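The block underneath contains the structure these notes are about, expressed in structure tokens.
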Ligand code: ADP
Ligand code: F6P
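This is the structure we're talking about:
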């Protein structure tokens, strides 16, 4: 293999730039030519391809977002468009492709291998931490720290006014951002899709907290359960008399400088991804398991079922009482 491509796809995540840098510089070190594909699979279909040298990735390690841009490309699910994408790569003699994204992007990479013979490797880049085969995805740590900083600020004002605050965080159907930010922020209640939620019980615990002398309650709500305003209404219906405020953190969680942990992951994922491509083994994804960098067959990785950390959740619930 002499030439490889790299693209970012799906929702952006802090650390994607650091991963692009690692892939580019390590591949060049290994004697490869590197091509950046802009706008994810949309750019692959439209042949938005440009060669990258070491300087093309200067001054990006600390930046959130992705210099390659990203997209959601519904048409790429069709084999016809995948073939066009593969022809565009072949026109540049690009034989291997690094795809930085989430599970949807990995399904696209696998299709490119299965249907068009392009060797692909996935780097897990999503704030959601919703991939079973890896303990952490790129961007998750930064997003959690951003949410944590917001929770700290909210605590100040909620305590001053003796209020309840519902903080809605992202994560799709995965409750990890809520769990980690909730635990780190000392939340009284954490509501995630993976655990059954009894609204009457939550309302009761808020009333008990008030009697015990708590001066504020922070409820961290994962977006996969419901909207913050809906939960507020449900709590009001249960007879909560405290003032309840809602804050939807939204896209603020997706931006910002990557944390040290995300930069470490980006460097190690990037290097392993290039090594995996050089082995030319079909479609694989890289990750971190028990503190070790691993690579796994994409089909196997996508089949694995996520296990929610119930122990951590119970720990957070006890500490938040
Ligand atoms: P993420 O990669 O973060 O999960 P998406 O689910 O939006 O984000 O997927 C990103 C892109 O991957 C989609 O816009 C589409 O181009 C491609 N993709 C998603 N699912 C599939 C699939 N089943 N087959 C082929 N390509 C897919
Ligand atoms: O997958 C990352 C993510 O930020 C989710 O947490 C969120 O639900 C979704 O993307 C938002 O997607 P979009 O950028 O398309 O609004």
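Residue numbers (this note's numbering): 17 to 337.
Built from N, CA and C at the ideal position, the CB exists for glycine as well.
Nothing here was measured: the structure is a model prediction, and the numbers come from that model.
For residue 27, the CB falls within less than 6 Å of some heavy atom of the ligand ADP. Three or more beta-carbon pairs separated by less than 8 Å are not found between the region 158–171 and the region 281–290, which leaves the two stretches without contact. Counted as a single uninterrupted DSSP element, the stretch harbouring residue 280 is not any beta strand (DSSP E) but the alpha helix (DSSP H) occupying residues 276–295. Listed in chain order, the non-local C-beta contacts of residue 174 below 6 Å within the same chain comprise 181, 232, local neighbours out to five positions each way being set aside. Not one heavy atom of the ligand F6P falls within 6 Å of the beta-carbon of residue 175. Taken in chain order, the whole beta strand (DSSP E) runs of length 3 or more contained in the region 156–226 are 180–185, 205–207. Taken from the Cβ of residue 89, at least one heavy atom of the ligand ADP lies inside 6 Å. Excluding sequence positions up to five before and after residue 335, its CB lies within less than 8 Å of the CB of 199, 202, all in the same chain and listed in chain order. Per the Cβ contact rule, the region 183–194 is not in contact with the region 298–312 (fewer than 3 Cβ pairs under 8 Å). In the three-state scheme derived from DSSP, where H, G and I count as helix and E and B as strand, residue 139 is classed as strand. Residue 130: member of the alpha helix (DSSP H) spanning 119–132, first to last residue.
With a 10 Å radius around the Cβ and a threshold of 16 neighbouring Cβ atoms, residue 299 comes out buried.
Residue 229 counts as exposed, since fewer than 16 other beta carbons sit within 10 angstroms of its beta carbon. Two segments are said to touch when three or more pairs of C-beta atoms, one from each, lie closer than 8 Å; by this definition the region 89–97 does not touch the region 42–51. The ligand F6P has no heavy atom closer than 6 Å to the beta-carbon of residue 298.
For residue 77, no alpha helix (DSSP H) segment is defined, and its DSSP state is neither H nor E. The alpha carbon of residue 70 has as its nearest neighbour, out of 134, 37, 208, 244, the alpha carbon of 37. Going by DSSP, residue 258 is part of no alpha helix (DSSP H) at all; its letter is neither H nor E. Residue 50 sits away from residue 58, with the two beta carbons spaced by 7 Å or more. Measuring C-alpha to C-alpha distances from residue 317 to each of 249, 125, 100 identifies 125 as the nearest. DSSP links residue 308 through a beta bridge to 305. Shown here, residue 251 sits in a helix according to DSSP, grouped into three states. For residue 42, the shortest C-beta to heavy atom distance toward the ligand ADP is 6 Å or greater. For residue 110, the secondary structure class from DSSP, reduced to helix, strand or coil, is coil.
The beta carbon of residue 118 sits closer than 6 Å to those of 26, 142, all from its chain and outside the five residues before and after it, given in chain order. Annotation for residue 268: no alpha helix (DSSP H) segment contains it, and DSSP assigns it neither H nor E. By the C-beta density criterion, residue 248 is buried, having at least 16 other C-beta atoms within 10 angstroms. Taking 6 Å as the cut-off, one finds at least one heavy atom of the ligand F6P near enough to the beta carbon of residue 186. The beta carbon of residue 57 sits closer than 6 Å to at least one heavy atom of the ligand ADP.
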